[in-house]
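Q: Below you'll find the structure I mean.
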Amino acid sequence: MDAQRMERILVTGGAGFIGSNLIRLLMEESDWDVLNLDLLTYAGNRASLAGFDGQARYRFTQGDIGDRPLLGRLLRDFRPSAVINFAAESHVDRSIDGPAAFIQTNVVGTFSLLESVREYWAGLSGEARGHFRFLHVSTDEVYGSLGPAGRFTEQTPYAPSSPYSASKAASDHLVRAWHHTYGLPVLTTNCSNNYGPYQFPEKLIPLMILHALDGRALPVYGDGGNVRDWLYVEDHCRAIHLVLEGGTPGEVYNIGGDAERTNLQVVEEICCALDDLLPESPYRPHRELISFVADRPGHDRRYAMDASKVRRELGWRPRESFETGLRRTVRWYLDHREWCEQVQARGYRRERLGAG
-14 MDAQRMERIL VTGGAGFIGS NLIRLLMEES DWDVLNLDLL TYAGNRASLA
36 GFDGQARYRF TQGDIGDRPL LGRLLRDFRP SAVINFAAES HVDRSIDGPA
86 AFIQTNVVGT FSLLESVREY WAGLSGEARG HFRFLHVSTD EVYGSLGPAG
136 RFTEQTPYAP SSPYSASKAA SDHLVRAWHH TYGLPVLTTN CSNNYGPYQF
186 PEKLIPLMIL HALDGRALPV YGDGGNVRDW LYVEDHCRAI HLVLEGGTPG
236 EVYNIGGDAE RTNLQVVEEI CCALDDLLPE SPYRPHRELI SFVADRPGHD
286 RRYAMDASKV RRELGWRPRE SFETGLRRTV RWYLDHREWC EQVQARGYRR
336 ERLGAG
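Using the working numbering, read the sequence shown as starting at -14 and increasing by one per residue.
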């Protein structure tokens, strides 16, 4: 797709972790106008994009992707060239405690968004219709759990294990069905575990960083041997950018960092980074804070992504290794304690969720 055709982008869930990083990339490295639609649930934070408030190319609307009248108005008024859908409930542990919100947002909400976008797209004509794209951002968790060898490809059958991954699998199927049935020009990306700046501290890496700064125990589930493929969020956003511009409608693109680590290895590397960056910390060596706790119910053992398709077809490569990305991430949380405090002031206390 001609990048110059992408002039206006509607980003749903743009106040969340990956969405806000994608908007930051678009604002800094393109001349596109961006409309951010976010419901501002517990994980959405306008402070993550405060530097763009007031700029002519950026605007924000608080709202739900399931609000058809609102979506219709925004699409008619903003006239986007593309819609990128990040809006989702995304934490496995929360889905164990309260699956209803995941079904409502990830399944029903995606259906409603697709219908709003389909109606808008059907009203376009000529080049505007031909160049329009709907990009749906999903997860590797839809594929289920791997054994000790192999990687997920775009042809791997879906086998979700948690309420979260089941809801995302359902949304993926809806997106593809709207392409095959109605011709809506969709793209789907499935990514591995993201980490980096502005991640809500219920997720492993920021949770461990903040616990360690307070001298709290670092809870590692089970034996710590569950393996994830880690992807620095800015690398993920660059891949999304490339898929939006050059991906083939109807296709799926797996995005992974080629950085498999056990959960225990990740926590140990965080501890090493903190030891180096905080030589005066009373909690050094931080690895002594590690504590093993009961495992999560239904905890998938291993994920790993084969990202050869997006590398081969679109020339994407991650810029960060896990070591460099993790060091940048730890430094960011050390330098942005006020952001973390603001998040926690809204009621989150880094308590364990999803114990079953």
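Glycine included, C-beta positions come from ideal geometry on N, C-alpha and C.
Note down the Cα distance separating H121 from N70, rounded to an integer number of angstroms.
A: Each residue's alpha carbon lies about 5 angstroms from the other.
Q: Just to confirm my understanding: we take K294, look at its own chain, exclude 5 residues before and 5 after, and list those with CB closer than 7 angstroms. What are they?
A: E139, Y238 and N239
Q: Taking Cβ positions, are F87 and S80 nearer each other than 7 angstroms?
A: yes
Q: With distances taken between CB atoms, is the gap from Y128 to L60 smaller than 7 angstroms?
A: no
Q: From the DSSP secondary-structure annotation, give me the bridge partner or partners of S123.
A: N175
Q: N248 by DSSP, collapsed to three states: which one?
A: helix
Q: Hey, how far is the Cα of T124 from the Cα of S110?
A: 33 angstroms
Q: Counting only the same chain and skipping the five closest in sequence on each side, list residues whose C-beta sits under 8 angstroms from that of E326.
A: Closer than 8 angstroms at Cβ, skipping near neighbours: no residue.
Q: Determine contact between the segment -8 to 6 and the segment 174 to 189, defined as no fewer than three beta-carbon pairs at a distance below 8 angstroms.
A: yes
Q: Are the segment 155 to 163 and the segment 4 to 15 touching by the rule of at least three beta carbon pairs closer than 8 angstroms?
A: no
Q: What did DSSP end up calling G(-1) once you bin it into helix, strand or coil?
A: coil
Q: Counting pairs of Cβ atoms below 8 angstroms between the segment 272 to 281 and the segment 195 to 211, do you hit three or more?
A: In short, these stretches touch, since the Cβ pair count reaches three.
Q: Name the two residues that bound the continuous alpha helix (DSSP H) containing W215.
A: Segment V212 to Y217 is the beta strand (DSSP E) holding W215; no alpha helix (DSSP H) there.
Q: Taking just the CA atoms, how far does G231 sit from Q(-11)?
A: Because Q(-11) carries a pLDDT of 41, less than 50, the predicted location of this residue cannot be relied on, and the following value inherits that uncertainty. Rounded to whole angstroms, the gap between the alpha carbons of Q(-11) and G231 is 12 angstroms.
Q: Are the Cβ atoms of P270 and D260 separated by less than 7 angstroms?
A: yes
Q: By how many angstroms is the C-alpha of G108 removed from the C-alpha of V315?
A: Answer to the nearest angstrom: the Cα atoms are 47 angstroms apart.
Q: What does a CB cutoff of less than 6 angstroms around G210 pick up in its chain, not counting 5 residues either side in sequence?
A: T247
Q: With a threshold of 7 angstroms between beta carbons, is N239 in contact with chain D?
A: Here there is only one protein chain, and chain D is not present.
Q: Quick check on A289: does DSSP put it in helix, strand or coil?
A: coil
Q: So, is S150 buried or exposed, given that buried needs 16 or more other C-beta atoms within 10 angstroms?
A: buried
Q: Y217 to E126, Cα distance in whole Å?
A: 17 angstroms
Q: Between P234 and L172, how many whole angstroms is the CB-CB distance? I'm expecting something under 8 angstroms.
A: So it is a contact: roughly 7 angstroms between Cβ atoms.
Q: Quick check on the DSSP output: what are the complete alpha helix (DSSP H) runs of length 4 or more inside the segment 101 to 173, in order along the chain?
A: 111 to 116 and 148 to 167
Q: Label A134 either buried or exposed according to how many other C-beta atoms from any shown protein chain fall within 10 Å of its C-beta, with 16 as the threshold for buried.
A: exposed
Q: Residues in the same chain with beta-carbon distance under 6 angstroms from E245, minus the five sequence neighbours each way, listed in chain order, please.
A: Within the same chain, and ignoring the five residues on either side of E245 in sequence, the residues whose Cβ sits closer than 6 angstroms to its Cβ are V212, D214 and A289.
Q: What span of residues does the alpha helix (DSSP H) with Q329 cover, start to end?
A: R322 to A330
Q: The beta strand (DSSP E) that contains L20, what's its start and end?
A: D18 to D23
Q: If you measure between the beta carbons of D18 and R58, is that distance less than 7 angstroms?
A: Against a cut-off of 7 angstroms, the Cβ pair of R58 and D18 comes out as no contact.
Q: For the candidate residues A73, M193, S130 and P264, whose alpha-carbon lies nearest to that of A155?
A: A73
Q: Who are the near neighbours of E323 in its chain, counting only those whose CB is closer than 8 angstroms to its CB and skipping five residues on each side?
A: none
Q: If we require 3 or more residues per run, which beta strand (DSSP E) segments fall completely within the segment 188 to 237?
A: Taking only runs of at least 3 residues, the beta strand (DSSP E) segments lying wholly in the segment 188 to 237 are 203 to 206 and 212 to 217.
Q: Quick check on the burial criterion: 16 or more other C-beta atoms within 10 angstroms. Buried or exposed for A197?
A: buried
Q: Should A287 and L131 be called a contact, given that it needs their Cβ atoms to be closer than 7 angstroms?
A: Note that residue 287 corresponds to Arg in the displayed sequence, not to Ala. The answer is yes: Cβ separation under 7 angstroms.
Q: Can you find the residues in the same chain that come closer than 6 angstroms, C-beta to C-beta, to D(-13), ignoring five residues on each side of it along the sequence?
A: Reliability fails at D(-13), whose pLDDT of 48 lies under 50, so the model's placement of it is uncertain and no value is given.
Q: According to the neighbour-count rule (16 or more other Cβ atoms, all chains shown, within 10 Å of its Cβ), is A85 buried or exposed?
A: exposed
Q: The alpha helix (DSSP H) spanning I275 covers which residue range?
A: Run containing I275: none in the alpha helix (DSSP H); it sits in the beta strand (DSSP E), I275 to V278.
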